[in-house]
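Worksheet: one structure, shown below.
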Amino acid sequence: MQTLVQWDDSLSVGIQEIDEQHKVLVALLNELYEAIHRHQGRAASVDILGRLADYTRIHFTVEESLMRILGYPEYEEHKQHHEILIADLRVFQARVQAGDAVTFELLHFLRNWLTHHIQEGDTRYAAFFLERGAQATWQKKSWLDRFWSGMTG
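Listed below in structure tokens is the structure:
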């Protein structure tokens with residue numbers, strides 16, 4: 001399988017829960033890339049883009065909840081970045097559902113946004129979370145992982 005984003009340590013924020021969620025986002029982006037590369041058709045792209053948008057919203061909700069609980073000082077700014085991407089994703093989804101093709105330009109935009117957002121903003125809040133006592137590794141499997149696996153499996 002061809003990949004658009006290769007997961008490596010540069011994308012890790014050092015909190016397993018968040019890293020695992022980011023890995024799902026990377027996998028969905030790679031799945032969309034593969035579907036475009038293999039010319040699987042608009043229906044496949046609509047489906048994958050929909051799952052990417054859904055999971056992105058879930059992930060952002062988790063991040064924002066943790067920011068509020070832990071008193072993250074850059075919460076409003078980070079939330080604004082999330083809202084901009086969600087709005088962009090809605091536009092992309094509407095265009096694809098209306099018949100536009102998913103372009104490599106869109107994929108590269110999403111890749112660049114995701115990697116920059118993780119390496120800049122998410123790395124900052126992760127350090128703050130860890131200072132506030134967040135656990136770096138799971139004590140048991142994530143509720144979100146179990147939920148999402150049930151939705152996709």
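At position 50 of the sequence shown (counting the first as 1) the number is 50 in full-length UniProt numbering, and the numbers step up by one without a gap. Glycine included, each C-beta is placed from N, C-alpha and C at the ideal position.
Where does H116 sit, in a helix, a strand or coil, going by DSSP?
Counted from its first residue, the sequence shown places residue 116 at position 116. Three-state DSSP puts H116 in a helix.
Report yes if the CB atom of D122 is closer than 8 Å to the CB atom of V13, and no otherwise.
Here residue 122 refers to the residue found at position 122 when the sequence shown is read from its first residue. Here residue 13 refers to the residue found at position 13 when the sequence shown is read from its first residue. Yes, the Cβ-Cβ distance between D122 and V13 is below 8 Å.
Using CA atoms only, rank isn't needed, just tell me which of D19, R90, V102 is closest to A35.
The count along the sequence shown starts at 1 and reaches residue 35 at position 35. Out of D19, R90, V102, V102 has the C-alpha closest to the C-alpha of A35.
Please list, in chain order, all residues of the same chain as H78 whose beta carbon is under 8 Å from its beta carbon, the five residues on each side excluded.
Here residue 78 refers to the residue found at position 78 of the sequence shown. Excluding residues within five positions, the ones whose Cβ falls inside 8 Å are E63, E64, M67, Y72, G121, Y125.
Quick one: grab the DSSP three-state call for D100.
Residue 100 sits at position 100 when you count from the first residue of the sequence shown. Of the three classes helix, strand and coil, the one that applies to D100 here is coil, per DSSP.
According to DSSP, is W111 helix, strand or coil?
Taking the sequence shown and counting its residues from 1, the one referred to as residue 111 is at position 111. Before going on, a small fix: residue 111 reads as Arg here, not Trp. In the structure shown, R111 sits in a helix (DSSP, three-state: H, G or I).
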